[in-house]
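*Asks:*
Residue numbers (the numbering used here), protein chains in the order written: chain L, 13 to 560; chain U, 8 to 135.
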């Protein structure tokens, strides 16, 4: 049996197992619920807590293996809660009824794998991104509250703890997306980088960890690095910079799957590669008719092409040459996958537009790693080229292009799209009074605020110095107005620091929607939004106007 | 180096047993003997003469580490390489499991497509 046939049969078996698993999952959750209910009504026995713990543990493990990460995560949260009961040999009655309710939540996670795509489309205008929870553990309560308040303006949900013990207790039953830890706890004279591992639940959290400290000492930094901390920020905290790091960490976890296109005439081998890459979470498309190469690329928009060197009708280098004739695909990574061991031929092939050479046979792990690393690098490069270095938003030319594309798409789908132009009020005064470095912080804050409040499908760009453009696909003027009002209010709440004194800023915005301006193209809508922006400025600033 | 053929796998959960067996037999080409508890492993292990022991850490009754300790008391199994599978893979825990005589720790949930490769890698490393 060939590798690929085997992979196919394997995948079929795996699917069958998965279906069986999915079929009896509701029963398992019902049984869990019955067990918890029984405990709530008839009292708790050590045996029943033990069984509950065990069943949740199994669910946490199997959910992940069968492609239900959400279920797995929820189950392990509950597992941790029950583990707490086991250890303290005591169950709080009121906690139990809440627990029964959270078991019902597990049911909702079953359809997650298939529902994901629809979910995003249904989100519409009124839902900003998912809430991100930040836990801040600091014994300086005043500072904690101040930082918490600022983080909340960036739409993070912040929970404050004044000691490691308190946070550790909370970690038994819930988990944040980001953990911020002060280094020195003076009352206990503890250094968090040294003692964190003693707090089992807190230490066991899987989210990124960031330390904040008044002291910059090398020992603590090394300890933090051993704990795999993702940041070490010194007080007084530069909150926008901290938010920048947090949003970067969250983005990393949310990065969309890599899109890989395979061009190979060996159907079986291709199938094997396809399965391997898909099992690693990538999206894969196979091209079997080389003549449709460009149409296929335009439709699938791959981030990397894996190509065989020798194919019957056209060679790999010939096809690579064709791809490179198209300017917008000039930087698409092309990697040959071939049994070619002749170094001279390899080099000749690289001359013709390919980026790298992988030699068959290649192990699955090696293939996945090779593809992943190249896609990541090309994403970084792409970001550097098209994105503004200060804000990470699209640059002028790219955002104009995006406006055109989205307006065309809106006309085609007959769905409203709103274009917003916004500008920081009296920004010149900020620069003059506090200097450009502080001005840059104000600019990057608004960028982060926009990114926090908007959906992933929305497009953001820095249009000029303090001027920004937002494109909201599938969003009418009414919803856009609500959304931008939130941003306006959030921005006005931000406090900026400059050598001891604090100040805040406001913004004005103008918007234009496709269906209200029937024949306008992207360029014309931008002009309309700009006119509305100036009406807002003339009307007293700190407001949002619609184009007339 | 002898190639790996016989794996004794101790795991209490039927769903996971099925996936792991499939992955190890079809992808890895190994011969897999499944035991659903530590007691079952103690009964069947010697007769199967495994070349590698794969144990879930958390099982009702005898857990993975105590099962391993009991298996080690059987002379023919005293130095068969062992691997733990667990959902908790903090570095400190990995070190702890290794100190109990495990060659390595595989994280749960595991990827069915990659499990056999991971086992092979561990096996190769044991025999370098």
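Cβ atoms here follow ideal geometry from the backbone N, Cα and C, with glycine treated the same way.
(1) Return the residue from the list L:199, L:208, L:279 that minimises the CA-CA distance to residue 192 of chain L.
(2) Using beta carbons (cut-off 9 Å, strictly below), is residue 33 of chain L in contact with chain U?
(3) What are the boundary residues of the alpha helix (DSSP H) that residue 167 of chain L is part of?
(4) Tell me which residue opens and which closes the beta strand (DSSP E) that residue 473 of chain L is part of.
(5) Just by C-beta distance, which residues in the segment 113-126 of chain U are closer than 8 Å to chain L?
(6) With 16 other CB atoms within 10 Å as the buried threshold, where does residue 314 of chain L fall?
(7) How would you label residue 303 of chain L, buried or exposed, when you count the other beta carbons within 10 angstroms and need 16 or more for buried?
(8) At what residue ranges does the segment 32-97 of chain U contain a whole run of the alpha helix (DSSP H), taking only runs of 4 or more?
(9) So is residue 131 of chain U in contact with chain L if we call contact Cβ pairs under 9 Å?
(10) Quick one: grab the DSSP three-state call for residue 102 of chain L.
(11) To which residues of the same chain is residue 456 of chain L closer than 7 Å at the C-beta, ignoring the five residues directly before and after it?
(12) Which stretch, first to last residue, makes up the beta strand (DSSP E) that contains residue 319 of chain L?
(13) With a threshold of 6 Å on Cβ separation, who are the neighbours of residue 400 of chain L within its own chain once the five nearest residues in sequence on each side are excluded?
(14) Bridge partners of residue 558 of chain L, per DSSP?
(15) What residue ranges within the segment 276-316 of chain L form continuous beta strand (DSSP E) runs of no fewer than 3 residues, ordered along the chain?
(16) Assess, as a yes-or-no matter, whether the segment 527-547 of chain L is touched by the segment 8-26 of chain U under the definition of 3 or more beta carbon pairs within less than 8 Å.
(17) Is there a Cβ of chain L sitting closer than 9 Å to that of residue 62 of chain U, yes or no?
(18) Can you have a look at residue 165 of chain L and say buried or exposed, based on whether 16 or more other CB atoms are within 10 angstroms of its CB?
(19) Which term fits residue 52 of chain U, buried or exposed, when burial requires 16 or more other beta carbons within 10 angstroms of its beta carbon?
(20) Are residue 59 of chain U and residue 11 of chain U touching if we call contact CB-CB under 9 Å?
(21) Work out the CA separation of residue 28 of chain U and residue 138 of chain L for me, nearest whole Å.
(22) Got a sec? Which residues, its chain only, sit under 8 Å from residue 134 of chain L by beta carbon, not counting five neighbours each side?
(23) Report the rounded CA-to-CA distance for residue 299 of chain L versus residue 310 of chain L, giving the unit in angstroms.
(24) Classify residue 293 of chain L as buried or exposed, calling it buried when 16 or more other Cβ atoms lie within 10 Å of its own Cβ.
(25) Take residue 555 of chain L and list the residues in its own chain whose beta-carbon comes closer than 7 Å to its own, dropping the five residues that flank it on each side.
(26) If I'm right that residue 405 of chain L touches residue 472 of chain L with Cβ under 8 Å, what's the distance once you round it to whole angstroms?
(27) Cα separation between residue 144 of chain L and residue 437 of chain L?
(28) Quick one, which of L:107, L:337, L:344 has its alpha-carbon nearest residue 318 of chain L's?
(29) Would you call residue 131 of chain L buried or exposed, if buried means 16 or more other Cβ atoms sit within 10 Å of its Cβ?
(30) What residues of chain U sit near residue 22 of chain L, judged by a beta carbon separation below 9 Å?
(31) Check whether the Cβ atoms of residue 361 of chain L and residue 395 of chain L sit closer than 9 Å, and answer yes or no.
(32) Terminal residues of the continuous beta strand (DSSP E) containing residue 482 of chain L?
(33) For chain L, is any of its Cβ atoms less than 9 Å away from the one on residue 46 of chain U?
(34) Start and end of the alpha helix (DSSP H) containing residue 114 of chain U?
(35) Given a limit of 9 Å on CB to CB distance, which residues of the segment 300-311 of chain L reach chain U?
(36) Which ranges would you report for the alpha helix (DSSP H) in the segment 205-252 of chain L if only whole runs of at least 4 residues count?
*Replies:* So, from the listed chains and residues:
(1) Taking the first residue of the first chain as position 1, residue 192 of chain L is located at position 180. Nearest of L:199, L:208, L:279 to residue 192 of chain L, Cα basis: L:208.
(2) Taking the first residue of the first chain as 1, we reach residue 33 of chain L at position 21. Cβ-Cβ to chain U under 9 Å: yes for residue 33 of chain L.
(3) In the first chain, the residue the question calls residue 167 of chain L occupies position 155. Careful: residue 167 of chain L lies outside any alpha helix (DSSP H) and carries neither H nor E.
(4) The residue given as residue 473 of chain L occupies position 461 in the first chain. That run of the beta strand (DSSP E) goes 471-474.
(5) Listed by position, the residues of the segment 113-126 of chain U near chain L (Cβ gap below 8 Å) are 115, 116, 117, 118, 119, 120, 121, 124.
(6) On the first chain, position 302 is the one that residue 314 of chain L refers to. When all chains shown are included, residue 314 of chain L counts as buried.
(7) Sequence index remark: in the first chain, residue 303 of chain L carries index 291 (1-based). Residue 303 of chain L is exposed by the Cβ-count criterion.
(8) For the segment 32-97 of chain U, whole alpha helix (DSSP H) runs of length 4 or above, ordered along the chain, are 45-55, 71-79.
(9) Against the second chain, residue 131 of chain U aligns to sequence position 124. So no, residue 131 of chain U is outside the interface.
(10) In the first chain, counting from the first residue as 1, residue 102 of chain L sits at position 90. Note: residue 102 of chain L maps to coil in three-state DSSP.
(11) Numbered from its first residue, the first chain carries residue 456 of chain L at position 444. Correct list, in chain order: 252, 256, 402, 403.
(12) Looking up residue 319 of chain L in the first chain gives position 307. It spans 316-320 - the beta strand (DSSP E) in which residue 319 of chain L sits, taken as one unbroken run.
(13) Counted from its first residue, the first chain places residue 400 of chain L at position 388. For residue 400 of chain L, where only same-chain residues beyond five positions count, the Cβ hits under 6 Å are 407, 474.
(14) Taking the first residue of the first chain as 1, we reach residue 558 of chain L at position 546. Residue 558 of chain L has L:523 as its beta-bridge partners, per DSSP.
(15) 295-299
(16) no
(17) Working through the second chain from its first residue, we reach residue 62 of chain U at position 55. Not one beta carbon of chain L lies nearer than 9 Å to the beta carbon of residue 62 of chain U.
(18) In the first chain, counting from the first residue as 1, residue 165 of chain L sits at position 153. Residue 165 of chain L is buried by the Cβ-count criterion.
(19) As a first step, residue 52 of chain U is located in the second chain; it is residue number 45 there, counting from the start. Residue 52 of chain U should be labelled buried.
(20) Taking the first residue of the second chain as position 1, residue 59 of chain U is located at position 52. Taking the first residue of the second chain as position 1, residue 11 of chain U is located at position 4. With respect to residue 11 of chain U, residue 59 of chain U sits close: the two C-beta atoms are nearer than 9 Å.
(21) Numbered from 1 along the first chain, position 126 holds the residue referred to as residue 138 of chain L. Numbered from 1 along the second chain, position 21 holds the residue referred to as residue 28 of chain U. The predicted model places residue 138 of chain L with a pLDDT of 30, which falls under 50 and marks its position as unreliable, so this point remains unresolved.
(22) Residue mapping note: residue 134 of chain L aligns to position 122 of the first chain, counting from 1. Residue confidence for residue 134 of chain L is low, a pLDDT of 26 falling below 50, so the modelled location carries little weight and cannot support an answer.
(23) Counting from one through the first chain, the residue named residue 299 of chain L turns up at place 287. Counting from one through the first chain, the residue named residue 310 of chain L turns up at place 298. So the alpha carbons of these two residues sit roughly 12 Å apart.
(24) For the purposes of this step, residue 293 of chain L is taken as the residue at position 281 of the first chain. Counting other Cβ atoms within 10 Å of its Cβ, residue 293 of chain L stays below 16 and is therefore classed as exposed.
(25) Position 543 of the first chain, counted from the first residue, corresponds to residue 555 of chain L. Result list for residue 555 of chain L: 520, 548, in chain order.
(26) Translated into positions along the first chain, residue 405 of chain L becomes position 393. Translated into positions along the first chain, residue 472 of chain L becomes position 460. Indeed they touch by this definition, with Cβ atoms about 5 Å apart.
(27) For the purposes of this step, residue 144 of chain L is taken as residue 132 along the first chain, with counting starting at 1. For the purposes of this step, residue 437 of chain L is taken as residue 425 along the first chain, with counting starting at 1. The alpha-carbon atoms of residue 144 of chain L and residue 437 of chain L are separated by roughly 29 Å.
(28) Here residue 318 of chain L refers to the residue found at position 306 when the first chain is read from its first residue. Residue L:344 is the option with its Cα nearest to residue 318 of chain L.
(29) Locating residue 131 of chain L in the first chain gives position 119, where the first residue counts as 1. Note on residue 131 of chain L: pLDDT 22, under 50, position unreliable in the model; no value is reported.
(30) Here residue 22 of chain L refers to the residue found at position 10 of the first chain. Within chain U, the residues near residue 22 of chain L are 29, 30, 33, 34, 119, 120.
(31) Translated into positions along the first chain, residue 361 of chain L becomes position 349. Translated into positions along the first chain, residue 395 of chain L becomes position 383. No, the Cβ-Cβ distance between residue 361 of chain L and residue 395 of chain L is not below 9 Å.
(32) On the first chain, residue 482 of chain L is found 470 positions in, with the first residue counted as 1. Looking at the DSSP string, the run of the beta strand (DSSP E) that includes residue 482 of chain L is 479-484.
(33) Looking up residue 46 of chain U in the second chain gives position 39. No, residue 46 of chain U lies away from the interface with chain L (no Cβ there is under 9 Å from its Cβ).
(34) Walking along the second chain from the start, residue 114 of chain U turns up at place 107. Annotation: residue 114 of chain U is outside any alpha helix (DSSP H); the continuous beta strand (DSSP E) that includes it extends over 109-114.
(35) none
(36) 212-215, 230-238
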